[in-house]
Amino acid sequence: MITLVGGVALFLLFAAGIIAYQNSRIIAEQETDASRVYTGNLMYSVYKHDFSPNEELPEAIPLFQFTVFERDEEDLPGQKAGTTRALCRVAAGRGEMVLSDAQNYMKNSIREAALEGSRLEHLSFPGKADRHGEKEMIRGLETAAKEEAAHANHG
Numbered sequence: 021m022i023t024l025v026g027g028v029a030l031f032l033l034f035a036a037g038i039i040a041y042q043n044s045r046i047i048a049e050q051e052t053d054a055s056r057v058y059t060g061n062l063m064y065s066v067y068k069h070d071f072s073p074n075e076e077l078p079e080a081i082p083l084f085q086f087t088v089f090e091r092d093e094e095d096l097p098g099q100k101a102g103t104t105r106a107l108c109r110v111a112a113g114r115g116e117m118v119l120s121d122a123q124n125y126m127k128n129s130i131r132e133a134a135l136e137g138s139r140l141e142h143l144s145f146p147g148k149a150d151r152h153g154e155k156e157m158i159r160g161l162e163t164a165a166k167e168e169a170a171h172a173n174h175g
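Numbering (our numbering), first residue to last: 21 to 175.
Structure, rendered in structure tokens:
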């Protein structure tokens with residue numbers, strides 16, 4: 021009799037463990053789906069516009085930008101030279117990229133500019149990041165810009 025009760029108790033504990041595991045998987049999938057609502061939409065575009073720290077366009081909120089200065093542009097005093105690319109959040113469905121593609125595009129653009137030997141300056145807008153993953157993306161782009169600038173200075 022004690023063996024039977026012990027077997028039933030063990031079976032119930034095993035079943036409870038399986039149910040708890042399935043429940044945690046369902047919750048994790050729901051959280052992932054909730055973040056996809058924001059990041060899965062085409063909500064990011066790159067503008068060739070130099071944003072100041074408090075500037076926004078009605079259709080675009082800047083998150084990160086970098087400016088590439090060609091070697092011959094560095095010696096131009098008082099002139100705003102260089103080409104700026106600004107990654108912006110736009111209304112859902114109006115952008116060209118999802119979050120991960122936008123981050124990869126910007127990293128590749130930074131890398132290409134550094135390989136050409138150009139000087140880079142970057143500016144980030146972490147206070148304007150309010151979607152899931154945007155702050156992490158900004159930190160990643162800042163790191164990439166700093167690393168590429170360091171490689172360009174040493175290489």
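Using N, Cα and C, we set each Cβ at its ideal position, and we do this for glycine too.
Could you check if residue i is buried or exposed, using at least 16 other CB atoms within 10 Å of its CB as the buried criterion?
i, result
"Gln50", "exposed"
"Leu30", "exposed"
"Ile72", "Reading the sequence as shown, one finds Ser at residue 72 and not Ile. By the 10 Å Cβ count, Ser72 comes out exposed."
"Lys68", "exposed"
"Leu140", "buried"
"Val28", "exposed"
"Leu32", "exposed"
"Ile46", "exposed"
"Ile22", "exposed"
Helix, strand or coil for residue i, going by three-state DSSP, please let me know.
i, result
"Ser72", "coil"
"Pro82", "strand"
"Ala112", "coil"
"Ala106", "strand"
"Leu30", "helix"
"Leu161", "helix"
"Leu24", "helix"
"Asp150", "coil"
"Glu141", "strand"
"Asn61", "coil"
Using 8 Å for Cβ pairs, my map puts residue i next to residue j. What's the rounded Cβ distance?
i, j, result
"Val88", "Ala133", "4 Å"
"Thr104", "Asp150", "Not really, about 23 Å apart at Cβ, beyond 8 Å."
"Ala122", "Tyr41", "Between Tyr41 and Ala122 the Cβ distance is about 35 Å, and since that is not below 8 Å, they are no contact."
"Glu116", "Leu77", "With a Cβ gap of about 15 Å, Glu116 and Leu77 do not count as contacting."
"Val118", "Glu79", "Val118 to Glu79, Cβ: 18 Å. No contact."
"Ser138", "Glu90", "6 Å"
*asked:* For the region 142 to 153 against the region 74 to 85, do three or more pairs of beta-carbon atoms, one drawn from each stretch, fall closer than 8 Å, so that the two count as touching?
replied: yes
*Mind pulling the alpha helix (DSSP H) runs of 4 or more residues that sit fully within the region 115 to 139?*
119 to 135
*Do three or more CB pairs link the region 117 to 126 to the region 154 to 168 at distances below 8 Å?*
yes
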